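Number of protein chains: 2
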Amino acid sequence: MTEQYFGTRPTLEAVAARAGVSRATASRVVNGGTGVRPPLVDKVRQAVEELGYVPNPAARSLVTRRTGAVAVIVAEPETRFFSDPFFSQQIRGISKELSAHDVQLVLLLVEGPDDYGRISRYLTGGHVDGALAFSLHDDDPLPAITRGAGMLTVFGGRPGFPAAVPYVDADNRGGAREAVRHLLSLGRREIAHIAGPLDQTASTDRLAGYRDMLPEADPALVAEGAFTTASGARAMSELLARRPELDAVFAANDLMASGALRVLREHGRRVPEDVALVGFDDMVSIAEATDPPLTTVRQEIEEMGRLMARLLLRGLDQGVAGPGAPSSVITPTTLVRRASA
Amino acid sequence: MTEQYFGTRPTLEAVAARAGVSRATASRVVNGGTGVRPPLVDKVRQAVEELGYVPNPAARSLVTRRTGAVAVIVAEPETRFFSDPFFSQQIRGISKELSAHDVQLVLLLVEGPDDYGRISRYLTGGHVDGALAFSLHDDDPLPAITRGAGMLTVFGGRPGFPAAVPYVDADNRGGAREAVRHLLSLGRREIAHIAGPLDQTASTDRLAGYRDMLPEADPALVAEGAFTTASGARAMSELLARRPELDAVFAANDLMASGALRVLREHGRRVPEDVALVGFDDMVSIAEATDPPLTTVRQEIEEMGRLMARLLLRGLDQGVAGPGAPSSVITPTTLVRRASA
DNA sequence: GCCCGAGGAGAGAGCGCTCTCGCACGGCAG
DNA sequence: CTGCCGTGCGAGAGCGCTCTCTCCTCGGGC
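Protein chains in written order, with the working numbering: chain A, 1346 to 1686; chain B, 1346 to 1686.
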């Protein structure tokens, strides 16, 4: 039960006075205590305790030029951010890693094109030491903004342009190959694909994996969705109209797979007997809730978030001018077999 | 294309020099420009532009004692945070309101009991001006922490203790009454309830609403879940075992309703013919994806988030010592009729 | 034409911290 | 016993900004 000094929080000065040392020594103790003799360390520690001293972050970062915070920028049209647990999970991984290093997470949600100015100003303002950014479309202005602000930034998902920026991504192409390979191993021959929006690399990479395994496949077997349940349903209807004889579907995420599943059932196709279905993500709350439960390609979403944070922190520690920008990381995927294929 | 001065960003001093005015005048212009004659204002504005000046937030908040940031504290066991779009949506509303006022959002996720120390230190450290906190269990230490830190805090959801803290909550009790009233109007007489965890007021309030309409109901008609799909399924199994003759279920959220739906189907009960089912939340991605689509009680989640932020900002503006802590707000609910009841 | 008041601009103090520098003191070698 | 080096501590400058206080200037009223 520490006393409350309303209005005037104790300063380092006060701590120093109470401990009978100089401000410099008090500062040394607060920041690790190296080079100070034990008895003095104890005295200062005690003074800190008694006064309930907490360093003023503004004063500190004014001189250190470090804020101890990083921005997490989520640029995604309405629909996806709050229907897709993907981001929550990735942010969770990021949060864990950051708070383990006592770094704070400032969340910047981009709601519309006007927001980019705000974000840009915020980054150049030096509120944060670095940034993590998500889910770029090919024409996303974010990389240009973070570069312009001179802000070290790690991206989530491979950016859709040749710039050499550090990123963390799942092995989308390999995962897709595995999904299709599984369907082939079940004896399926008319394998359709419901792709995500093709201005995102996650979609194009998964499509590329599909094509790797089925180079001869009829283009009519591919339909584009938008990573939402509804778009998956729509794409499935299209595919059934175009190629009624299809016997398998690989959807680029679980949400679209669940939409497809509903449409398949409405058309009287049994899953997996008539049509085998594989998703992507292994979003447990979706994949296990469908009937039948979804066979899907699992990516370690939380781990990817953790990796992004780790990469950024490492880059920050070496200084931006250090031996190298952090390099990128591709995380493996695994096929999770449930009942739908 | 502003020139980049690596290492040395321009200061107010530099702007003042370039504009041929004093630092004080430059500051006045940057902060609104009142009391400065137009020609000087223009000169300063131009200098700001040319140098690409952005104020140093640390220096600023060192003297103003305002950070321009608020904390959003999410204390929720793993499972729920990333399976439930609830939070994402509420955070979205908060983010919109905050960024409209140029206030930043610092996200603090509580991963375990050890984190409370970290949070407490962070709040007392003065990193933020105020806080928004979520989803308290009855024994949650958060209110004590924010009070101890002297931090103005608006809660999301009615806290489970008598303290007079400002909060924003949906009309859980009224919504529950409406759900049950609807089931009664359909002629159902054996109406069961799948409650949420009973150490949260959202659950107890919804249960209270159920009891308001059915004061005589057999206690065996109520089972407790945990707001997850799996727990909803489990609760439904229990209820069917205890009261096989039930003809309606009101679940305290959509996730549990979807779990219940699966179990009902597994037991050969048709929905809505044999058993009518109503959920709560109107989580569109769930309620519309079930088969049949879920009748549910809608709460305006994003709006609630926006309101929380508005309440906090207003309180902050008046100063904590102002005429009054912000008062609480209860937002209305509406019944959304789909096919399940 | 003079005085007074209002309003606009500048000087300077400080917000709370870190960090460099210099000084003092103790131990050891010569 | 003296000189030198290493270590521990304190003094003080300064990070970039805001804001008060003072000074100056200009306009209006008598």
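Using N, Cα and C, we set each Cβ at its ideal position, and we do this for glycine too.
Since this is a predicted model, take the numbers as computed values, not measurements.
Relative to valine 1608 of chain A, the option among A:Gly1577, A:Ala1562 and A:Gln1545 whose CA is nearest is A:Gly1577. Around arginine 1533 of chain B, the same chain offers Asp1592, Ala1593 and Ala1621 as residues with beta carbons nearer than 6 angstroms, after the five sequence neighbours per side are excluded. The three-state secondary structure of tyrosine 1467 of chain A, taken from DSSP, is helix. Using a Cβ distance threshold of 8 angstroms, arginine 1659 of chain A and proline 1677 of chain A do not count as a contacting pair. Looking at A:Tyr1398, A:Glu1394 and A:Asp1447, the one whose alpha-carbon comes closest to that of valine 1415 of chain A is A:Asp1447. Taken through DSSP and simplified to helix, strand or coil, threonine 1679 of chain A comes out as strand. At a cut-off of 8 angstroms between C-beta atoms, valine 1451 of chain A counts as an interface residue with respect to chain B. From the listed residues A:Gly1471, A:Glu1633, A:Val1499 and A:Thr1549, the smallest Cα separation to aspartate 1516 of chain A is found for A:Thr1549.
Excluding sequence positions up to five before and after proline 1638 of chain A, its CB lies within less than 6 angstroms of the CB of Arg1683 and Ala1684, all in the same chain and listed in chain order. Collapsing the DSSP output to three states places aspartate 1514 of chain B in a strand. For glycine 1471 of chain A, the residues of chain B that pass the 8 angstroms Cβ criterion are Arg1354, Val1399, Asn1401, Pro1402 and Ala1403, in the order they occur in the chain.
Taking a beta-carbon distance threshold of 8 angstroms, proline 1430 of chain B counts as an interface residue toward chain A. In the DSSP assignment, glutamine 1449 of chain A falls within the unbroken beta strand (DSSP E) covering 1449-1455.
Nearest C-alpha to leucine 1656 of chain B among B:Tyr1555, B:Leu1497, B:Gly1541 and B:Val1623: B:Leu1497. With contacts defined as CB atoms closer than 8 angstroms, glycine 1475 of chain B and leucine 1661 of chain B qualify as a contacting pair. Rounded to the nearest whole angstrom, the C-alpha separation of serine 1440 of chain B and proline 1402 of chain A is 23 angstroms. Rounded to the nearest whole angstrom, the CA to CA distance from valine 1381 of chain B to valine 1455 of chain A is 35 angstroms.
Residue pairing from DSSP places isoleucine 1536 of chain A in a beta bridge opposite A:Ala1593. Counting only the Cα atoms, alanine 1605 of chain A lies some 9 angstroms from alanine 1575 of chain A. For the 8 angstroms CB-CB criterion, glycine 1502 of chain B and glycine 1554 of chain B do not form a contact. The Cβ of lysine 1388 of chain B sits no closer than 8 angstroms to any Cβ of chain A. For aspartate 1636 of chain A, the closest Cβ of chain B is nearer than 8 angstroms. Residue environment for alanine 1537 of chain A: buried (at least 16 other C-beta atoms within 10 angstroms of its C-beta). Counting the other CB atoms within 10 Å of its CB gives arginine 1410 of chain B a total below 16, which places it among the exposed residues.
One finds nothing in chain A with a Cβ atom closer than 7 angstroms to the Cβ of threonine 1491 of chain B; even the nearest lies about 14 angstroms away.
Per the C-alpha coordinates, the member of B:Asp1544, B:Leu1531 and B:Tyr1461 positioned closest to glycine 1505 of chain B is B:Asp1544.
C-alpha of leucine 1600 of chain B to C-alpha of leucine 1453 of chain A: approximately 28 angstroms in a straight line.
Chain B has no Cβ within less than 8 angstroms of the Cβ of leucine 1357 of chain A. Burial state of valine 1360 of chain B is buried, judged by a 10 Å Cβ sphere holding 16 or more other Cβ atoms. Glycine 1554 of chain A: member of the alpha helix (DSSP H) spanning 1546-1558, first to last residue. Listed in chain order, the non-local C-beta contacts of leucine 1357 of chain B below 8 angstroms within the same chain comprise Arg1368, Ala1371, Ser1372, Val1375, Tyr1398 and Pro1400, local neighbours out to five positions each way being set aside.
Following the DSSP letters along the chain, one finds alanine 1359 of chain B inside the alpha helix (DSSP H) bounded by residues 1357-1364. At a cut-off of 8 angstroms, the C-beta of serine 1582 of chain A has no neighbouring C-beta in chain B. Looking at the DSSP output, valine 1623 of chain A bridges to A:Phe1595 and A:Thr1640. Taking the Cα positions, arginine 1466 of chain B is about 9 angstroms away from isoleucine 1490 of chain B.
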